[in-house]
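Here the structure is laid out as structure tokens; the discussion comes afterwards.
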Amino acid sequence: MNPTLARLRTPVESGFAQAGKIFALFLDVARKVFRRPFQWREFIEQSWFIASVSILPSALVAIPFGAVVALQTGSLIKQLGAESFTGATSVLATVQQAAPVVTALIIAGAAGSAVAADLGARTIREEIDALEVLGIDPVQRLVVPRVLGMMLVALLLNGLVSVVGIAGGYFFNVLLQGGTPGAYLASFSALAQLPDLWIGEIKAAIFGLIAGVIAAYKGLHPSGGPKGVGDAVNQSVVITFLVLFFVNLVLTLIYLQIVPAKGS
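This is the structure we're talking about:
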């Protein structure tokens, strides 16, 4: 075999093998969600921890994100002479795209890295092996509560980011672009519809699930030693970002095909 092809083949095969193992962990988590006893205390503690490291960054990121969306869409709408639809377009862009994307970034960057670091530290201290020796399933005991906690917090963060982003967009549109407050609010019902909110929440839940599973996998399989844990945390964030943006594209395409635009 050509040496160049051999060098390219190894990382490709490794990537597919790792993707298969992550998918296997996802199936394992899905199966053990319904196994009793459910770790309610771990679930509540992890949900609170994930929320504590995610709420403030989400709110701070949502304000400029909503402002940029409002200013950009307001400028384009003004050029087209349809200023009365500025509010509707800003809200749609925020609820459907901006809020889930911001939620994905915060969940993967803040919560996912924390979960990967925690599980990675437990792994190198051989706590995971100790659980298995005692007959305790580490996936049911540690992974399932963290994944469900990330899904719950992602749903709540998506709502928070949507509200803060819309409020920021309203403020900047009215203050900087001379928009009319009444027209901004009245145009919501012109283009927006209830499925727009549902797709944002569905995206957030799926993003939380993906981020939790990838972070848990990397935390359970560090390369060894403290440096391996750091590498696993970095890899979990990068892989999660790549997967989330691709999944966001797929979900958006499916939604636009299934749900017709209002008034079409």
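Here this note's numbering runs 5 ahead of the position in the sequence shown, where the first position is 1.
Virtual Cβ for every residue (Gly too), placed ideally from N, Cα, C.
Nothing here was measured: the structure is a model prediction, and the numbers come from that model.
Of the candidates 128, 60, 117, 33, 128 places its Cα closest to the Cα of residue 232. Here the region 142 to 157 does not lie against the region 96 to 106, with fewer than 3 beta-carbon pairs under 8 Å apart. Inter-segment contact for the region 206 to 215 and the region 170 to 178 is absent: fewer than three beta-carbon pairs are separated by less than 8 Å.
Going by DSSP, residue 237 is part of the alpha helix (DSSP H) stretching over 230 to 263. Separation of residue 51 and residue 45 (C-alpha to C-alpha, rounded to the nearest whole angstrom) is 10 Å. Residues 162, 165 of the same chain have their beta carbon placed closer than 8 Å to that of residue 60, with the five preceding and five following residues left out of the count. Cα atoms of residue 20 and residue 196: separation of roughly 42 Å, rounded to the nearest angstrom. Of the candidates 237, 204, 148, 148 places its Cα closest to the Cα of residue 48. Residue burial is scored here from C-beta neighbours: residue 151 has at least 16 other C-beta atoms within 10 angstroms and is therefore classed as buried.
In the three-state scheme derived from DSSP, where H, G and I count as helix and E and B as strand, residue 125 is classed as helix. By the Cβ-count criterion, residue 110 is buried, with 16 or more other Cβ atoms from all chains shown falling within 10 Å of its own Cβ.
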